[in-house]
Amino acid sequence: MIEVTQNPIDPASVYKRINTAGSGSVVVHFGVVKPVAQGKKTGGIKFAPKEGLKDEIAEIEKQMREKWPIDDVLLIRRVGNLTIGDIILAAAVAAETRGAAFDACRHAVESFKKLKQINKQELFE
Numbered sequence: 003m004i005e006v007t008q009n010p011i012d013p014a015s016v017y018k019r020i021n022t023a024g025s026g027s028v029v030v031h032f033g034v035v036k037p038v039a040q041g042k043k044t045g046g047i048k049f050a051p052k053e054g055l056k057d058e059i060a061e062i063e064k065q066m067r068e069k070w071p072i073d074d075v076l077l078i079r080r081v082g083n084l085t086i087g088d089i090i091l092a093a094a095v096a097a098e099t100r101g102a103a104f105d106a107c108r109h110a111v112e113s114f115k116k117l118k119q120i121n122k123q124e125l126f127e
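Residue numbers for the sequence shown follow our numbering, beginning at 3 and rising by one.
See the structure below:
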């Protein structure tokens, strides 16, 4: 399942939304806004989605399901103006084994960093 939202990402709801029935491992990663970017203090980041963002994230989910034996996946990408400490993204993976869950989650996180259908603007102080 994928989601693109302007609303804050609630960590507890991420776990509740992923189907863990039959899974032996759930790996969840949250990316957050850092206080420093490119060696400068920042007050936050503005993320502006392009039209194909949901399709690009859906392709990441497809790759994950094809490569690893996972039971469920939830990928959430936040857009809009975010401040320091806000959650930018959530990647949650449920699988029978921790190896598959960790590897698939790492793939999602690395793929999020390469998204082409989103513009990122650091809001320097």
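By construction, the Cβ of each residue, glycine as well, lies at the ideal position given by its N, Cα and C atoms.
Where residue 35 is concerned, there is no enclosing beta strand (DSSP E), because DSSP gives it neither an H nor an E. Rounded to the nearest whole angstrom, the C-alpha separation of residue 25 and residue 126 is 42 Å. One alpha carbon belongs to residue 102, the other to residue 116, and they sit about 21 Å apart. As summarised for the stretch 15-75, the continuous beta strand (DSSP E) elements at least 3 residues long and confined to that stretch are 27-34, 42-51, given in chain order. The alpha-carbon of residue 36 is positioned some 6 Å away from that of residue 86.
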